[in-house]
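Structure, as structure tokens:
In my numbering, the protein residues as written are 29 to 276.
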């Protein structure tokens, strides 16, 4: 087991403000019972046509995000022209397409799962399940007031939760869910688990991905180093330079 633990690369968070924000938010959650106040929807699958589909949810705390980078301050500032406040019981925004033309980088982004065949429906059952998610009461763990936000390529909606306060919901269109999951996890813990490089071969990469999921079923799949550093650049976040040299 120890010989395979190196897939999890520990990175020290150099930003003391970020470290303090994580501790503050955790302390507050012990009293208020709330940690999450923002939800992202990101696409998970890539069709042969080049479109991406099957959006899934990722939950986060806005205070931690904003402490990490000015990019998130702007994204979460509110006042975005496409934002709206809807009634409780809304999951994936009904006004957003569940299948869309991908960012040019998506064609080579290994953090998307490839579909065997095109499905122009974009897995409608999965999307409908998400839209029904809050209404069924299965996911009422997030609440905090907010409007929506960000610069393109995201769109946002403030979603009212069963507790009565809205949950800011943002649809991200230019990166895969797995990459964002590890970005948020890194902001909380200072750790990212990278997939082996493509130069190490498809068979080895597949074996290590499967092994990691077996050993860490609660974690996201191993993420592409290239995709992570691309995302870090997009959100103006500096990762450990030695890790960049090793994996990029």
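Each residue gets a CB set at the ideal place from its N, CA and C atoms; glycine is no exception. Fair warning: this is a prediction, and the values are worked out from it, not measured in the lab.
Please identify the residue among the options whose C-alpha is closest to the C-alpha of residue i.
| i | options | result |
| --- | --- | --- |
| residue 253 | 139, 215, 266 | 139 |
| residue 207 | 105, 84, 128, 124 | 84 |
| residue 131 | 81, 201, 77 | 201 |
| residue 48 | 120, 82, 205, 96 | 96 |
| residue 258 | 82, 58, 137 | 137 |
| residue 103 | 198, 120, 51 | 198 |
| residue 56 | 82, 45, 91 | 91 |
| residue 265 | 94, 250, 81 | 94 |
| residue 143 | 52, 105, 81 | 81 |
| residue 120 | 135, 68, 133 | 68 |
| residue 100 | 212, 218, 134, 122 | 212 |
| residue 196 | 58, 105, 98, 60 | 105 |
Can you look up residue i in the DSSP assignment and give me helix, strand or coil?
| i | result |
| --- | --- |
| residue 212 | helix |
| residue 83 | strand |
| residue 267 | coil |
| residue 142 | strand |
| residue 174 | Only weak support is given to the placement of residue 174: the predicted model assigns it a pLDDT of 35, under 50, and the value that follows is read from those uncertain coordinates. Three-state result, residue 174: coil. |
| residue 45 | helix |
| residue 130 | coil |
| residue 63 | coil |
| residue 76 | coil |
| residue 123 | coil |
| residue 96 | helix |
| residue 104 | coil |
| residue 88 | strand |
| residue 195 | strand |
| residue 205 | helix |
| residue 225 | coil |
| residue 250 | coil |
| residue 258 | helix |
For a quick check, are the C-beta atoms of residue i and residue j less than 8 Å apart?
| i | j | result |
| --- | --- | --- |
| residue 70 | residue 204 | yes |
| residue 221 | residue 247 | yes |
| residue 141 | residue 52 | no |
| residue 260 | residue 267 | yes |
Less than 8 Å between the CB atoms is what I'm expecting for residue i and residue j, so what's the real figure, rounded?
| i | j | result |
| --- | --- | --- |
| residue 262 | residue 210 | Rounded, the Cβ-Cβ distance is 14 Å, inconsistent with contact. |
| residue 50 | residue 216 | 6 Å |
May I ask whether a heavy atom of the ligand FMN can be found less than 7 Å away from the beta carbon of residue i?
| i | result |
| --- | --- |
| residue 140 | The ligand FMN is not among the ligands present in this structure, which contains no ligands whatsoever. |
>> With three or more C-beta pairs closer than 8 Å as the rule, is the stretch 85-103 touching the stretch 57-70?
In response: Contact between the stretch 57-70 and the stretch 85-103 is present, with at least three C-beta pairs closer than 8 Å.
>> Three Cβ pairs or more, each shorter than 8 Å: is that satisfied between the stretch 221-239 and the stretch 66-76?
In response: no
> Using 8 Å as the threshold, is the stretch 120-127 in touch with the stretch 223-232, meaning 3 or more CB pairs across them?
Replying inline: no
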